[in-house]
Structures are given as structure tokens and as C-alpha cells.
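In the numbering used here, the protein residues as written are 541 to 855.
Where a beta carbon is used, it is the ideal one built from N, C-alpha and C, also for glycine.
What follows is a set of notes on a single structure, which appears directly below.
Structure (C-alpha cells):
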């Protein structure tokens, strides 16, 4: 949602951030400055600086602001920090941790943990969280620590130059790699789900085979776009749902000769076997290309071990 206001003429020659603080008292000046630096505030359709002097009569739009940002609580929740400097933070999120407070998850989220680790993130939209992972997806996330870094990284995300690679265990055997190009939107009947629909937004997922098993495949996937539940929806669309992802069609299918160990693991696997294992970006200050990897978590490694064990002595 975009909030739009007209600058009254009597504010001519004042700084933009000072004027907005007067006209929008529900937001702090620090918050407004952060939004301006992040490019979320446009004057007559153009990004400007906080110190810009207004003339009066300008149209100011604040993009994606529906209401004042809530005062989220900082909570001491352990973080697996992969990298950190003054501009950004890369963390390895465990499965089961919600990224952002919402309906049914008012606190104990990644955002609450970030505010405890770096209180200054309270001034940034969404506490600097650039992209999300589903609750039961594990792996790498990048968080901007300054308004300038948030703007720079958001631009990379928009231009599709930010690298996000995943590993997934899927049902069925694929012959070769490829890509899935299918638009994604809200499911017409089940509003908590997404689906491939003609009126959806463009969505492209690239994949290659990492390892084949008797009745499953481990894939490495790269997001070209970043729609909600994209990988899960795309794989379900081509009838190769992710192991454990009952929301998108996975069901336990026993094959002849399947080992008891694998049967037990598949029955007990209660989350989608999806892990954001690689992240790459251009550093917003140094311009250096940086890349990180997070090893597969224990539950997925146990599943891989059982899948390999199921192949022994079988064609």
C-alpha cells in the first residue's frame, strides 16, 4: 500500500525529513529517514535525500507503508551467524523458526532475535530483513544493517542478481535438469496456499540433479524470481512434491523392497526437505562479490543416508 500526501506551501524551504515528521507524527523522524534512504519515499515520483528542501505543493508517496511499524520486542533467541559486518548480516535459519511476526506468531521469531542482537535494526523497514524463508525451510538469509545497504541489496533482488540456491529431496526420479516457468498467485479456493494460475506473477525456477535414488531425487535449485512458496509450488506443479511437504501434495509412497529405516524416516519427516544452502551478493559498500554456503541440516542428511542405504544391492 502507498500513502500519499501533498506538502503544504507554508513548509517551503524546510528539509523533507523534518516536514514529514510534522505531517506524519505517527512515524519517528529516524524511521522516516530510513525509508527515504531506502528509496521508499518518492517526491513527485523521484527518490530524494532526507536533507532535500521542499518548495511546497509536491506530491510525496511512501511506498508499502500501511500503518506505523509496530514496536517489536527484542528477544534473546540464539542466532547461527554465518557472516557479519557493519552493513549486513547472514544467518543460517533453523527449520521451525518463523521469520517475521504475524497471525499466530506474535513473537519468538527471527525478527525478535535480530532486534536483540542488533537493536538499531528497529529503525529499518522489517528490521532489515530482505527476503524470507518459510517456517519449515532452513538455510541462509541476508539482513541489511543500514538503510543504504537495504536499498543496495533490494536493488540486487529486484534486478535478479542476488544468488539464492536451495537443495531439496523430491518424490520421483528426474532424468535431467531444467527450469520451470509458471506464474504463481494465491490459490483461488485455499487462501493460505499459492498455486500456478494464469493470472499469477511470473515465476522461474532453475534446477539441476545433485543425486538420484531409487524413488527420489536430490535437486539443486536456483531462484530467478522470488514468489511466495515458489519452489514448493513449482515442484508440486510438475508432480514432484518435496518430501514432507503435505501442504503441496506430498504423500508417503512405499516402493517394493524399501528399507525399514527409510520407511520410518519418511513417516517421521514433518517438514519440507528444503534448505537454502547458498547465497551470493555484491557487497553494498566494497562492491566485492561474496558467497556463502550452509551445510545440509542433520534431518536432511539422515534422510539422504537412508535413501542411499535403500539403494544397496538394488538396481
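7 Å Cβ shell around residue i - same chain, five flanking residues per side excluded
i           : result
residue 754 : 795, 850, 851 and 854
residue 615 : 647, 648, 652, 653 and 656
residue 847 : 753, 756 and 802
Reduced DSSP secondary structure (H/G/I, E/B, other) of residue i
i           : result
residue 648 : coil
residue 794 : coil
residue 625 : coil
residue 606 : Note that residue 606 scores 45 on pLDDT, short of 50, meaning its location in the model is unreliable; the coordinates nonetheless yield the value given after this. It is coil, neither helix nor strand.
residue 584 : coil
residue 666 : helix
residue 557 : helix
residue 719 : strand
residue 771 : helix
residue 658 : coil
residue 640 : coil
residue 563 : helix
residue 756 : strand
residue 776 : helix
Residues of its chain near residue i, where Cβ-Cβ distance is below 8 Å and the 5 sequence neighbours each way are ignored
i           : result
residue 641 : 610, 612, 647, 649, 651 and 652
residue 768 : 724 and 734
residue 696 : 702, 821 and 822
residue 546 : 597, 598, 599 and 600
Segment limits, beta strand (DSSP E) that includes residue i
i           : result
residue 570 : Unbroken run through residue 570 is the alpha helix (DSSP H), 569-577; no beta strand (DSSP E).
residue 546 : 543-546
residue 838 : It is not in any beta strand (DSSP E) - residue 838 instead sits in the alpha helix (DSSP H) that spans 838-849.
residue 833 : 829-833
residue 751 : 744-752
residue 683 : 678-684
residue 703 : 703-711
Where the alpha helix (DSSP H) through residue i begins and ends
i           : result
residue 694 : 687-698
Beta carbon of residue i nearer than 8 Å to that of residue j
i           : j           : result
residue 843 : residue 709 : yes
residue 665 : residue 580 : yes
residue 679 : residue 788 : no
residue 668 : residue 688 : no
residue 670 : residue 693 : yes
residue 780 : residue 718 : no
residue 777 : residue 722 : yes
heavy atom of the ligand NAP below 7 Å from residue i C-beta
i           : result
residue 597 : Ligands in the displayed structure: none, and consequently the ligand NAP is not present.
Residues of its chain near residue i, where Cβ-Cβ distance is below 6 Å and the 5 sequence neighbours each way are ignored
i           : result
residue 691 : 578 and 579
residue 762 : 705 and 746
Checklist entry - Mind pulling the beta strand (DSSP E) runs of 3 or more residues that sit fully within the region 782-827? => result 814-822
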